[in-house]
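The block underneath contains the structure these notes are about, expressed in structure tokens.
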Amino acid sequence: MGKKLNQAFYEQPTLMLAKQLLGTLLVHESDEGTTIGRIVETEAYLGIEDQAAHSFGGRRTKRTEIMFGAPGVVYTYVMHTHCLFNIVSNRENVPEAVLIRAIEPVQGEDLMVKRRGAERQGRVLTNGPGKLTKAMGITMAHYGQTLNEGSLYVIEGDLPSDISVGKRIGIDNSGDARDYPYRFWETGNSYVSK
DNA sequence: GGCCGGATACCG
DNA sequence: GGTATCCGGCCA
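Under UniProt numbering, read the first sequence as residues 1 to 194, first letter to last.
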């Protein structure tokens, strides 16, 4: 098993972190069992100057407060019926984060299927930000938790052989930021969203 | 393709 | 209290 990513790993420029998270393994040890997913798609949200980020313009609220804090902390939030999982990046007072958009099941796939429902198997099991949180059992209870100190953490994995870059998804109402190439995925991986 | 569910939380 | 949202499932 690879070793846990440390604080220094998370404390780097967000675009770099978004790329370097590809291929790493997201682990959640829960009461129901352990699930592990290989991260295959991410998006960077660059704080102050990124209109698509919750912290755009330095907006500091109860929800976004966590983005201003230490890197390597979990930022979850609920959208409609789904919980989305982000990792705070860069250094303190730089409100940036990486959204995890897709994983490939590595361990505990049976448990993922149980959480998602028997009819959601194969690539649709985890090929989207709301899907993977449900499969992994990630909830708002993880908000503010430091990765590596709890039951949810990331360890080293096999790096992707090739990385693709493109526009982010679901941010059409964000002006010029809509077209920024801040989405990264492992080329050819079938668990990538869309 | 379109619609709408249902949870925050922000803003007036 | 109205409205927008870093989505997903279901209908077509």
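Glycine included, C-beta positions come from ideal geometry on N, C-alpha and C.
None of these values were measured; they are calculated from a predicted model.
Start and end residues, alpha helix (DSSP H) containing residue i
i    : result
A44  : Note, A44: premise wrong, no alpha helix (DSSP H); beta strand (DSSP E) at 33-45.
T81  : From DSSP, T81 is part of no alpha helix (DSSP H); its letter is neither H nor E.
G130 : 129-136
Q20  : 14-20
Identity of the residues DSSP links to residue i by a beta bridge
i    : result
H142 : According to DSSP, H142 bridges with nothing at all.
K4   : I155
G117 : Beta-bridge pairing links G117 to no other residue.
A102 : E41
S30  : G33
R123 : In the DSSP output, where bridge partners are listed per residue, R123 has none listed.
L25  : R38, I155
Residues of its chain near residue i, where Cβ-Cβ distance is below 7 angstroms and the 5 sequence neighbours each way are ignored
i    : result
I103 : L26, G37, R38, I39, V40, T126, L132, Y191
V106 : L25, I36, G37, R38
Integer-rounded CB distance, given that residue j should sit under 8 angstroms from residue i
i   : j   : result
T76 : H28 : Actually they do not touch by this definition, with Cβ atoms about 12 angstroms apart.
T64 : H54 : 5 angstroms
Neighbourhood of residue i by C-beta distance below 8 angstroms, restricted to the same chain and skipping five residues each side
i    : result
I163 : K19, L22, F184, W185, E186, T187
First through last residue of the beta strand (DSSP E) which encompasses residue i
i    : result
I163 : 163-166
F184 : 183-186
Sequence-distant residues of its chain with Cβ nearer than 6 angstroms to residue i (five each side left out)
i    : result
G128 : S193
N148 : K4
F85  : T76, I100, T133, I138
N189 : V40
Answer yes if the segment 7-15 comes into contact with the segment 116-124, meaning at least three C-beta pairs across the two stretches below 8 angstroms, and no otherwise.
-> The segment 116-124 vs the segment 7-15: no contact.
Any chance the segment 80-95 sits against the segment 41-53, with 3 or more Cβ pairs inside 8 angstroms?
-> Touching, yes.
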